[in-house]
Amino acid sequence: MLELRLLQGSLLKKVLEAIKDLVTDANFDCSATGFSLQAMDSSHVALVALLLRAEGFEHYRCDRNLSMGMNLNNMSKMLKCAGNDDIITIKADDGGDTVTFMFESPNQDKISDFEMKLMDIDSEHLGIPETEYEAIIRMPSQEFARICRDLSTIGDTVVISASKEGVKFSTKGDIGSANVVCRQNTSVDKPEDATVIEIQQPVSLTFALRYMNSFTKATPLSNTVTVSMSNELPVVVEYKIAEMGYIRFYLAPKIEE
Amino acid sequence: HPNQLTMSKFFDYT
Chain A
130 MLELRLLQGS LLKKVLEAIK DLVTDANFDC SATGFSLQAM DSSHVALVAL
180 LLRAEGFEHY RCDRNLSMGM NLNNMSKMLK CAGNDDIITI KADDGGDTVT
230 FMFESPNQDK ISDFEMKLMD IDSEHLGIPE TEYEAIIRMP SQEFARICRD
280 LSTIGDTVVI SASKEGVKFS TKGDIGSANV VCRQNTSVDK PEDATVIEIQ
330 QPVSLTFALR YMNSFTKATP LSNTVTVSMS NELPVVVEYK IAEMGYIRFY
380 LAPKIEE
Chain B
146 HPNQLTMSKF FDYT
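As you go down the protein sequences, you meet chains A and B in turn. By the count of the numbering used here, the first sequence reaches residue 386 at its end, each step adding exactly one. By the count of the numbering used here, the second sequence reaches residue 159 at its end, each step adding exactly one.
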């Protein structure tokens, strides 16, 4: 038996909007720790890892570990039927082949339940070791989204170069080239507007902008984004989900042959 | 053109 009641139902709606274009089908894993997901895009270039900790739910009952295979497009269709202020409860029976999403309006005058068929999905779980990254950039999430969107109108790939001087985003295309440099800036009114660059050593990596742009669909989840890089490793683009956990996107670099 | 790597190059299946 599984019953997870989330007061801020809009968080789950935003999570689905952030990942449904990157991943088609995925297993949601439920354990005493929380509600989590790890999945790759169809070409295995990008990976998304989601954690919503048990403590973040108003009520969290998970009698035993459960893995539920869901089509994210169908799940998104169902969650779109929930109001932004609704409380969302996820319910499933052990060994059942459906999951139920229950939506309660804030003043309890409307209660809906949507039952969705589960699917069997071969799990392709990767072990991701904890890594000390050589460059960690924290910046406003809207600024990062703006840069990715702007550069993708010029080129297909972005070179992200981080050094003590700042972080440079560069692209080249048929019509020309572009560079955007962000310097550390902590003299801001609100901490979420700061750009903070921590560098152990300079890092330069090349990535497909198509994926970066897809990751920025998580922007509504957090005011800030953290980009962690080490040479010759996938980048991690992390959006913290307030008091609940995180959504992390891993993207494999492009390497000159 | 640079070559796009995949996740299995970096992480092992568990």
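From the three backbone atoms N, C-alpha and C, an ideal C-beta is built for every residue, glycine too.
{"Query": "Interfacial residues, the region 292-311 of chain A to chain B, with Cβ spacing under 8 Å", "Result": "none"}
{"Query": "Straight-line gap, K129/A to K346/A (C-alpha atoms, nearest Å)", "Result": "Since the first and last residues shown for chain A are 130 and 386, residue 129/A lies out of range."}
{"Query": "Through-space distance from V296/A to I266/A, alpha-carbon basis", "Result": "8 Å"}
{"Query": "Proximity winner among A274/A, K301/A, Q271/A, M231/A, relative to D285/A (alpha-carbon distances)", "Result": "K301/A"}
{"Query": "Residue-level contact to chain B via CB, Y262/A, 8 Å cutoff", "Result": "no"}
{"Query": "Contact belief for T227/A with L247/A at Cβ below 8 Å, rounded distance in angstroms", "Result": "6 Å"}
{"Query": "Touching by the beta-carbon criterion (3+ pairs, under 8 Å), the region 250-259 of chain A and the region 220-240 of chain A", "Result": "no"}
{"Query": "Simplified DSSP assignment, three categories, for S351/A", "Result": "coil"}
{"Query": "G371/A - DSSP class collapsed to helix/strand/coil", "Result": "Note on identity: in this sequence residue 371/A is Ala, with Gly being the wrong assignment. DSSP places A371/A in coil when its eight states are reduced to three."}
{"Query": "Chain B contact for G198/A (CB, 8 Å cutoff)", "Result": "no"}
{"Query": "M130/A classed as buried or exposed, judged by whether at least 16 other C-beta atoms fall within 10 angstroms", "Result": "exposed"}
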